[in-house]
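Residue numbers (our numbering): 6 to 439.
I have placed the structure first, in the form of structure tokens, so that the comments after it can refer back to it.
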């Protein structure tokens, strides 16, 4: 079999199994060996965490690119198109390159089947595809690799990075990662490598001790933001201004208190990279001003992203309890009287707890659904809600029309990146006045 067009490939890869019968990194190591270990042919930074992975990747990428470095990223899930997952210098991988490396991997399937190993899962396939593409980029400086889920057994965990990052730890994917924060953190700490420093965006003292223990076992250090040295001066729908350590009045273009937390992780990671560049006498030297400039105008689609000023509409892909809590805490601080939420959530999430935060935050709630099979039914979300100002409409396009043609001081679409992706695509196909 050969893929001849991108739709042909996407239709095939989307129906590949999501989990292996036997969860192990041995398979991924074997797949990579078939191609002379492409993951070892470029420098990498490894990022895991319950929330904030994508935003952290976006900030790091932007800071380094503004310095003139060539940066690749591997992120998931996508918001607008499959190619978004694999990016080089802000350009998505081309359809042609997707097909080239997909067909190259597919050409090894007979060998894999004869070896006794299972064929790749969906995520294993696209991870190998990304590694092959990154290894082909002759002028690549760094690839920032985002974990798919967890860390210890994630398909990306065959790289040996120069830096590892855990953005934070909260409850999500408990059926796979464990039912306590300690268990979830332990899975994420599985990305720690010998001698590779790790930055951990974790406040809890007991969880910090676990990080320090893992670091010691791996002859490295765990670095935490100094939260007591943070002073937030402003945070609204345009930007945040904060001071941290020796930095005064840093402007962050990403919206929300949670993005300030992510920025602190990035600032600590920046320190590590600065020292690494000096140690190996890299072709550029990082300065504090590089960080300041990068944070001031970074963008990241689908994360408290403003898509319209009149009416004021934001979209956010927060899709678990901690993500929804962060959004709601920020929305409560905004000086608007009427605050409307448009909500769609995957059915396998903690629906009651997530909706409880939404109920107490917004003056109006519209429950809807997206086309992806995991979406909870709009009426089911409506029935869980205790709000007295709620309604539901299964037709997302009709909901968008209503939002654009009815009054609310602010509207936020939230609950899922799948929702965010569909909203962006539907709005892009219409001539709404932004």
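Glycine included, every Cβ here is placed at the ideal spot set by N, Cα and C.
Bear in mind the structure is a predicted one, so any value in this text is a computation, not a measurement.
Tell me residue i's beta-bridge partners as DSSP assigns them.
i, result
"residue 227", "203"
"residue 92", "78, 97"
"residue 164", "The partner list for residue 164 (beta bridge, DSSP) is empty, contrary to what the question assumes."
"residue 443", "The chain is shown only over 6 to 439; residue 443 falls outside these bounds and no answer can be derived."
"residue 242", "Answer by DSSP bridge pairing: none, since residue 242 is not bridged."
"residue 311", "319"
"residue 472", "In the structure as shown, the chain begins at 6 and stops at 439. Residue 472 is therefore absent and cannot be evaluated."
"residue 351", "380"
From what residue to what residue does the beta strand (DSSP E) around residue i run?
i, result
"residue 52", "49-53"
"residue 168", "168-171"
"residue 252", "252-257"
"residue 396", "395-397"
"residue 151", "147-151"
Cβ atoms of residue j and residue i: under 8 Å apart, would you say?
i, j, result
"residue 163", "residue 37", "yes"
"residue 60", "residue 264", "yes"
"residue 262", "residue 331", "yes"
"residue 422", "residue 84", "yes"
"residue 326", "residue 358", "yes"
"residue 172", "residue 270", "yes"
"residue 190", "residue 212", "yes"
"residue 118", "residue 32", "no"
"residue 127", "residue 26", "no"
"residue 246", "residue 255", "yes"
"residue 257", "residue 300", "yes"
"residue 387", "residue 427", "no"
"residue 133", "residue 14", "no"
"residue 158", "residue 30", "yes"
"residue 228", "residue 204", "yes"
"residue 64", "residue 268", "yes"
"residue 206", "residue 266", "yes"
"residue 432", "residue 260", "no"
"residue 77", "residue 93", "yes"
"residue 56", "residue 328", "yes"
"residue 282", "residue 289", "yes"
"residue 153", "residue 192", "no"
"residue 170", "residue 50", "yes"
Counting along the chain, where does the alpha helix (DSSP H) carrying residue i start and finish?
i, result
"residue 326", "326-337"
"residue 59", "58-71"
"residue 17", "11-19"
"residue 451", "In the structure displayed, the chain extends from 6 to 439; residue 451 sits before or after that span and is not available."
"residue 159", "Careful: residue 159 lies outside any alpha helix (DSSP H) and carries neither H nor E."
"residue 440", "Outside the modelled stretch of the chain, which goes from 6 to 439, sits residue 440, for which no answer is possible."
"residue 391", "Looking at the DSSP string, residue 391 is not in any alpha helix (DSSP H), and its letter there is neither H nor E."
"residue 404", "401-410"
"residue 216", "210-222"
"residue 191", "186-193"
What runs of the alpha helix (DSSP H), each 4 residues or longer, lie entirely inside the stretch 24-48? The qualifying runs are 31-38.
Exercise. Count the C-beta pairs between the stretch 413-421 and the stretch 303-318 that are closer than 8 Å, then say yes if the count reaches three, no if not.
Key: These segments touch.
Does the stretch 103-112 come close enough to the stretch 135-143 that 3 or more CB-CB pairs lie under 8 Å?
The stretch 135-143, when compared against the stretch 103-112, does touch it at the 8 Å Cβ threshold.
Check: Where in the stretch 412-438 do unbroken runs of the alpha helix (DSSP H), each at least 4 residues long, occur, reported from the N-terminal end onward?
Finding: The qualifying runs are 422-433.
Could you check whether the stretch 66-85 touches the stretch 142-149, counting it as contact only if at least three pairs of C-beta atoms, one from each stretch, sit closer than 8 Å? For the pair of segments examined, the stretch 66-85 was found to touch the stretch 142-149: the number of CB pairs separated by less than 8 Å reaches three.
Note down, one range per segment and in chain order, each alpha helix (DSSP H) of at least 4 residues found wholly within the stretch 97-134.
You should have 100-111, 114-120.
Review point. Taking one C-beta from the stretch 158-176 and one from the stretch 35-55 each time, how about it: are there three or more such pairs within less than 8 Å?
Key: A contact exists between the stretch 158-176 and the stretch 35-55.
- Determine contact between the stretch 384-398 and the stretch 353-371, defined as no fewer than three beta-carbon pairs at a distance below 8 Å. The stretch 384-398 is in contact with the stretch 353-371.
Does the stretch 343-359 come close enough to the stretch 305-313 to have 3 or more Cβ pairs within less than 8 Å? Put simply, the stretch 343-359 does not touch the stretch 305-313. Fewer than three CB pairs are less than 8 Å apart.
- [ ] Examine the Cβ distances between the stretch 188-202 and the stretch 212-225 and report whether three or more of them are shorter than 8 Å.
- [x] Judged by pairs of C-beta atoms under 8 Å, the stretch 188-202 touches the stretch 212-225, as three or more such pairs exist.
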